[in-house]
Each structure stands twice: as C-alpha cells, then as structure tokens.
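Residue numbers (our numbering), protein chains in the order written: chain H, 9 to 119; chain S, 9 to 119. Below: one structure, written as structure tokens.
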DNA sequence: AACCGTTATACTTAATTAAGTATAACGAAA
DNA sequence: TTTCGTTATACTTAATTAAGTATAACGGTT
C-alpha cells in the first residue's frame with residue numbers, strides 16, 4: 009500500500025501542476041519546448057497544446073517564443089513563469105513532506 | 009485561482025479515497041449499498057463495481073452483504089472497513105488543513 | 001535559394017474511463 | 001406463490017481524454 013496524490017492550481021480547469029513544472033524546468037535548461045518535450049517522450053504537439061492551455065487559464069504567458077533562425081528558434085521562460093515556478097516548487101515540496109508525515113502517522117503499520 | 013487535489017491509497021490501482029469514504033459513510037447510515045448510491049446519483053452497478061474493485065485491491069472485505077428477505081437485503085460495514093475509514097477520515101481532514109495552509113502561504117496574493 | 005530545427009495549428013485516430021442496459025438469484029412477508 | 005427491494009454480474013454503449021498525423025511559416029546559415 010502506498011500514498012498517491014495530485015495537486016494542482018485550477019482556474020476553469022487545470023492551470024498548473026507537477027507535469028508543467030517539470031516541462032518548464034527543462035525548457036529553461038534547453039531553451040526549446042520541442043527539446044524539452046522530446047526529453048520526456050512527449051510529442052511537441054502535446055507539449056504545445058499543454059502550454060497554450062495553461063497560458064489561457066493562467067491569463068499570462070509562460071513562454072517567450074522565437075521562430076526561425078539558424079537554430080530554428082526557441083522558447084524561454086517569462087518572468088511571470090519564473091515567479092510561478094518558484095512558488096509552486098516550494099509549495100509542492102512542502103506539501104509532499106506534510107502528506108508523507110501524515111501518511112506515516114496514520115498508516116504506519118501496513119493496512 | 010484555487011487549489012485542487014486528490015489523495016488516495018494505492019495498491020496496484022486506486023484502493024481508497026474520498027469517494028469511497030463518502031459512499032461507505034452512507035452505506036453505514038442507510039444499511040444498503042443501492043440506497044447509498046442512489047443518494048449521490050450513482051448507479052448501483054457503478055457502486056458495486058467500485059466496492060468490489062476496492063476490496064480486491066485492499067485484500068479484505070469492506071461490506072458484509074445480505075441478500076433476500078422482506079427488505080430485499082442490505083450491506084453493512086465490516087470491522088476492517090470501520091478501522092480504515094477512521095484512519096482515512098482523520099488523515100484526510102489533516103491533509104486538507106495542511107495543504108490549505110501551504111496554499112495560503114505561497115499563493116495568498118492572487119496569481 | 002535551399003536547408004534545418006524551431007514554433008504554430010487543424011484535424012484525425014486511438015485508448016482509456018465512465019456510464020448504462022439487461023438478467024438473475026435471494027428470501028421474508030403478504 | 002407472488003411481490004419487492006436488495007445483491008450479483010455480464011455485456012454494451014457513450015463520453016472523455018490522450019495521442020498521433022499532417023502541414024505550414026519563420027529566418028539565420030550555407
């Protein structure tokens with residue numbers, strides 16, 4: 009038996025969560041949404057749709073896009089994306105700690 | 009923007025969570041799975057499949073069933089179901105508190 | 001001008017999950 | 001023995017979600 013959970017921010021649908029957080033981390037490192045998607049075996053199409061949906065729900069841009077050029081272009085985090093990720097990262101980490109602590113408290117002896 | 013989350017126990021698939029907890033609470037009050045299901049606009053079929061799945065994954069019975077008789081029969085919580093629900097209820101309540109506190113800490117000023 | 005790896009977007013298909021339908025056994029009570 | 005409201009279970013259908021396919025614009029570099 010194990011504990012499972014999903015936590016997300018919602019605004020007329022999922023607006024941010026662990027998946028997007030991870031994806032954007034990779035975009036930041038790689039400078040490209042398509043590279044980031046590829047790294048986790050997600051199609052670019054899927055990643056693009058995800059980011060677009062989130063931006064609509066959040067009401068601000070997560071990525072600054074550049075199209076064309078010798079490297080084809082790229083995507084980079086906006087300042088607002090960084091702020092959100094910073095908050096969400098801390099929130100997520102502390103949430104995990106809290107839930108695991110409670111799980112141990114109540115389900116220590118296997119059920 | 010609001011916080012959303014789902015928390016569940018897993019053992020080769022979802023083995024217990026908020027939905028089953030609520031359903032079993034009603035079974036306890038009504039003495040019938042079909043009545044409990046009806047109360048939350050869930051088909052009996054659906055409720056039955058749910059409970060059966062949970063029992064398989066948990067490895068013990070949640071309901072003691074009685075078939076036939078003037079009232080048709082009924083379902084009643086097993087002792088193990090009561091113990092699990094007691095633990096889960098407290099765990100769930102404290103988890104909610106903890107998560108809401110963390111959400112306020114990080115996302116107080118609307119994003 | 002041709003190439004290349006991006007972003008952008010519509011459209012289709014598959015997979016998974018949820019919901020519904022249909023039957024039947026049970027057993028006390030009338 | 002008929003009725004009634006349960007539990008039990010297989011089978012089908014619908015709905016939702018996820019995944020895939022196809023096409024095009026962009027703009028440095030060669």
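Quick reminder that beta carbons are idealized off the backbone N, C-alpha and C, glycines included.
- Counted as a single uninterrupted DSSP element, the beta strand (DSSP E) harbouring residue 82 of chain S occupies residues 81-85.
- Of the residues assessed, residue 116 of chain S falls on the exposed side of the cut-off, its CB having fewer than 16 other CB atoms within 10 angstroms.
- In terms of Cα proximity to residue 35 of chain S, the closest of S:29, S:44, S:98 and S:24 is S:44.
- Chain-ordered, the chain H residues with CB closer than 8 angstroms to the CB of residue 23 of chain S read 9.
- Between residue 13 of chain H and residue 15 of chain S, the CB-CB gap stays under 9 angstroms.
- Per the C-alpha coordinates, the member of H:104, H:103 and H:71 positioned closest to residue 28 of chain H is H:71.
- Exclusion of the five residues before and after residue 48 of chain S leaves 30, 31 and 34 as the residues of its chain whose Cβ lies within less than 8 angstroms of its Cβ.
- Neighbours of residue 102 of chain S across chain H, judged by C-beta separation under 7 angstroms: 110.
- A residue is called buried when at least 16 other Cβ atoms come within 10 angstroms of its Cβ; residue 83 of chain S meets this threshold and is buried.
- Note on geometry: alpha-carbon atoms of residue 88 of chain H and residue 73 of chain S lie some 56 angstroms from one another.
- A distance below 6 angstroms between beta-carbons, with the five flanking residues on each side excluded, links residue 19 of chain H to the following residues of its chain, in chain order: 65.
- Residue 106 of chain S places its beta carbon less than 9 angstroms from that of residue 106 of chain H.
- For a Cβ distance threshold of 9 angstroms, residue set 9, 10, 11 and 12 of chain H lies close to residue 18 of chain S, ordered along the chain.
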